[in-house]
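Everything below concerns the one structure shown next.
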Amino acid sequence: MIVVGVAQLLLACALLAVAAGATSVLLRPDSGIDASVTFGVVAAAGVVATLLLCGFAGELRPAPALGVVALWAIASAALARRAGLVPRRSRLLGSCSSRSCWRRSPSTR
Amino acid sequence: MLAPFAFDALTYHLTIVASWLQQGDLSPTPLSLCCAFYPANAELMFTWPVLFAGSDALVGTVQIGFAVLAALAVAGIARSAGLKPWAAAAAGALLVVTPALLAQSPTSYADVIVVACALCAAHALVRFAVTRAPQRLVVAGLAIGLVLGTKGTGIVWATVLVVAGLVLALRAGRDGRRGAVVFVAIALVLGSPWYARNWIQKGNPVYPFAVQAAGVAVFDGPLRVADVLTPSAIAADSPWPVQVVRSWAQDLAPWRLGSYDYQQRLGGLGPLWPWLMLPLLVPFTIALARRRSPALLVLGLVALVTLVQPYRWWARFTLALPAVGAIAVVWGATCLPRPWLRNLVRAAALVLALAGVALSSFEVDPAARADPLRAADVVALIGAPTSERGVGRLFFDEYRFLEHVPDDATVVVDLRAEPVRFVYPLFGSRHTRRVLPATSGALPRGAWVMTAVGRPLDRALRRDVGFRLASVGDVRVYAPAP
Numbered sequence: 001m002i003v004v005g006v007a008q009l010l011l012a013c014a015l016l017a018v019a020a021g022a023t024s025v026l027l028r029p030d031s032g033i034d035a036s037v038t039f040g041v042v043a044a045a046g047v048v049a050t051l052l053l054c055g056f057a058g059e060l061r062p063a064p065a066l067g068v069v070a071l072w073a074i075a076s077a078a079l080a081r082r083a084g085l086v087p088r089r090s091r092l093l094g095s096c097s098s099r100s101c102w103r104r105s106p107s108t109r
Numbered sequence: 110m111l112a113p114f115a116f117d118a119l120t121y122h123l124t125i126v127a128s129w130l131q132q133g134d135l136s137p138t139p140l141s142l143c144c145a146f147y148p149a150n151a152e153l154m155f156t157w158p159v160l161f162a163g164s165d166a167l168v169g170t171v172q173i174g175f176a177v178l179a180a181l182a183v184a185g186i187a188r189s190a191g192l193k194p195w196a197a198a199a200a201g202a203l204l205v206v207t208p209a210l211l212a213q214s215p216t217s218y219a220d221v222i223v224v225a226c227a228l229c230a231a232h233a234l235v236r237f238a239v240t241r242a243p244q245r246l247v248v249a250g251l252a253i254g255l256v257l258g259t260k261g262t263g264i265v266w267a268t269v270l271v272v273a274g275l276v277l278a279l280r281a282g283r284d285g286r287r288g289a290v291v292f293v294a295i296a297l298v299l300g301s302p303w304y305a306r307n308w309i310q311k312g313n314p315v316y317p318f319a320v321q322a323a324g325v326a327v328f329d330g331p332l333r334v335a336d337v338l339t340p341s342a343i344a345a346d347s348p349w350p351v352q353v354v355r356s357w358a359q360d361l362a363p364w365r366l367g368s369y370d371y372q373q374r375l376g377g378l379g380p381l382w383p384w385l386m387l388p389l390l391v392p393f394t395i396a397l398a399r400r401r402s403p404a405l406l407v408l409g410l411v412a413l414v415t416l417v418q419p420y421r422w423w424a425r426f427t428l429a430l431p432a433v434g435a436i437a438v439v440w441g442a443t444c445l446p447r448p449w450l451r452n453l454v455r456a457a458a459l460v461l462a463l464a465g466v467a468l469s470s471f472e473v474d475p476a477a478r479a480d481p482l483r484a485a486d487v488v489a490l491i492g493a494p495t496s497e498r499g500v501g502r503l504f505f506d507e508y509r510f511l512e513h514v515p516d517d518a519t520v521v522v523d524l525r526a527e528p529v530r531f532v533y534p535l536f537g538s539r540h541t542r543r544v545l546p547a548t549s550g551a552l553p554r555g556a557w558v559m560t561a562v563g564r565p566l567d568r569a570l571r572r573d574v575g576f577r578l579a580s581v582g583d584v585r586v587y588a589p590a591p
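Next comes the structure, spelled out in structure tokens:
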């Protein structure tokens, strides 16, 4: 029972990480720190949205919640891939190591 | 290691979670008389690990994650203020060692979630002000929605942040205006469901609170906000600035307070706040203003929210103050004109931060009239059987009877019995027990009953041969007779 619970939780968190990660990439964070903050906010919002959806539908059980997160992960990963935003190190981390990046974003250069 | 023990967690935050999971939906729990209609995004966060793991063992880690998120947001704001990466990381770390935040992080309260999301929203708004990238408004909108739906006082944060976001967006041209619509829509979608539910079910979005505007009743409710506000633990009859100063003054000599607890009512921002953060905020603000730094926006937002919200004296409601204070300290440690001054700030920050950590970690103070547990005793509980880590065994004697209640039992609880303080422990750590509120109807067959001495239910059960007294004291527990 405990093993099943832990496995379920790990799966849910892994799917959440993929979904939040892909969504964060779509939101084009401007630095490593911004990427981390964006990821955290999107993941928290994802938890709330998923459970609101399942809970108000009267389906607050593990399977429907896993299904919703899996759908979100697939959709956001597909969108990120289609937009050519599959995460690269240069985009997510270290792209803003110089001080100038904190004044102007790449998109406004 | 420890079962959930914090007061509000046991009275309503986790009671709501357990009730939702047993019902299979998000309808208001009948097991919380005070708080079933409060906004509940924090409870959704607590639901996540319990729903999948089938146990509350990891529910205490939720706010720890948000403490890390708050630190990241502070680091981001510090970078926007022009600090170097290592200095920004230090600012984030200084926030995390704030005693009120450190002591509350492993509990199922909502204050760390609120401050983390508010700081993330502020960081995203600053990034929008710098980059004009509309995606930053999406992140801000998500964070504001989380704050709005987490706590009633989150309305203050959400309002201030939305106004700031709208001003920035409207100044940013056509893209900004389009972004503004999306920004507000996202915040409302994520933050308003609880208010919408209340409006549909009770005709009042902020039920149970009545709302009046210019003497006219806008929404009816059984309570006024003033009825439930906790008075200051010190100088309760004095004007609020006196309450604030006297509360902060406690942190000047924090060893007199004993240990910091998770709902610290006197002081709580830690010795760093009055000794270093507060004095350095003045030159730091001037430096930011001279450079017209966008990070100044965050200082303005924090100051405004602190002034507008009702609990200015209470550390857990003002955790954004040490967030900006941490950046000011790191600025002082890196940017003050004289090397000896910078070294002094560094050494003082280290000593004061360590003092705060020590005072919030050497024991776990459960408050609520229970005895603290020393850190060494907490560590000794690693690997101990669940029964030895229960709240009844460690903190609240009246719940010790739960060690004898079967995992699949039904427990009826008399919610109007004042000595019955907590409902959540009755569910059990795996939420296997059915918990029902006592009603005037017949009790379910084989149920355990929790009430208080002298209550009508207590008198009725004393005469009932189907029940035997299982626990005496102010709290009375009846077990089904064999």
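If you're matching them up, the sequences are chains H and R in order. The numbering of the first sequence is the numbering used here, which starts it at 1 and goes up by one. The numbering of the second sequence is the numbering used here, which starts it at 110 and goes up by one. Yeah, the Cβ is synthetic: ideal placement off N, Cα and C, and Gly gets one too. Values in this document were obtained by computation on a predicted structure and should not be read as measured data.
Inset, instruction - Use the C-beta contact count for alanine 527 of chain R: other C-beta atoms within 10 angstroms, 16 or more gives buried, fewer gives exposed. - result: According to the sequence as given, residue 527 of chain R is glutamate; it is not alanine. Looking at its Cβ environment, which holds fewer than 16 other Cβ atoms inside 10 Å, glutamate 527 of chain R is exposed.
Legend entry - Where threonine 548 of chain R falls: helix, strand or coil (DSSP): coil
Legend entry - Buried/exposed call for tryptophan 72 of chain H, threshold 16 Cβ in 10 Å: buried
Legend entry - Minimum length 3: unbroken beta strand (DSSP E) runs contained in the region 115-170 of chain R: none
Legend entry - Simplified DSSP state of serine 580 of chain R, which is helix, strand or coil: strand
Inset, instruction - Report yes if the C-beta distance between leucine 9 of chain H and phenylalanine 161 of chain R is below 7 Å; otherwise report no. - result: yes
Inset, instruction - Tell me the start and end of each unbroken alpha helix (DSSP H) in the region 472-503 of chain R that is at least 4 residues and wholly inside, in chain order. - result: 484-489, 500-503
Inset, instruction - Report the rounded CA-to-CA distance for tyrosine 304 of chain R versus leucine 257 of chain R, giving the unit in angstroms. - result: 10 Å
Legend entry - C-alpha distance - glycine 274 of chain R paired with aspartate 117 of chain R, whole-angstrom precision: 32 Å
Inset, instruction - Show which residues of chain C have a CB atom less than 8 Å away from the CB atom of leucine 60 of chain H. - result: Absent from the structure is chain C; the protein chains it does hold are H and R.
Inset, instruction - Spell out whether any CB of chain R is found under 7 Å from the CB atom of glycine 84 of chain H. - result: no
Inset, instruction - Work out the CA separation of glutamine 131 of chain R and leucine 535 of chain R for me, nearest whole Å. - result: 13 Å
Inset, instruction - Determine, using beta carbons only, whether threonine 240 of chain R comes closer than 7 Å to chain H. - result: yes
Legend entry - DSSP state of arginine 543 of chain R mapped onto helix, strand, coil: strand
Inset, instruction - Flag this pair as yes or no: are the beta carbons of alanine 112 of chain R and valine 500 of chain R separated by less than 7 Å? - result: yes
Legend entry - threonine 216 of chain R and glycine 379 of chain R closer than 7 Å at C-beta: no
Inset, instruction - State the Cα-Cα distance for the pair alanine 196 of chain R and valine 48 of chain H, rounded to the nearest angstrom. - result: 33 Å
Inset, instruction - Could you work out which residue in R/Arg502, R/Leu511, R/Gly555, R/Gly465 is closest to leucine 204 of chain R when comparing CA atoms only? - result: R/Gly465
Inset, instruction - Just the C-alpha distance for asparagine 598 of chain R and proline 64 of chain H, rounded to the nearest angstrom, thanks. - result: No answer is possible for residue 598 of chain R: the residues shown for chain R start at 110 and end at 591.
Inset, instruction - Please name the residue in R/Tyr371, R/Gly163, R/Gly377 whose C-alpha comes closest to that of proline 363 of chain R. - result: R/Gly377
Inset, instruction - Could you spell out where the beta strand (DSSP E) holding alanine 322 of chain R opens and where it closes? - result: 320-322
Inset, instruction - Could you work out which residues of chain H lie near cysteine 229 of chain R, taking near to mean beta carbons separated by less than 8 Å? - result: Val37, Gly40, Val41
Legend entry - Residue-chain proximity (alanine 45 of chain H, chain R), Cβ-Cβ < 7 Å: yes
Legend entry - Validate contact between the region 275-284 of chain R and the region 236-254 of chain R using beta carbons, cut 8 Å, 3 pairs: yes
Inset, instruction - Return the CA-CA distance between leucine 524 of chain R and arginine 286 of chain R, expressed in angstroms with no decimal places. - result: 50 Å
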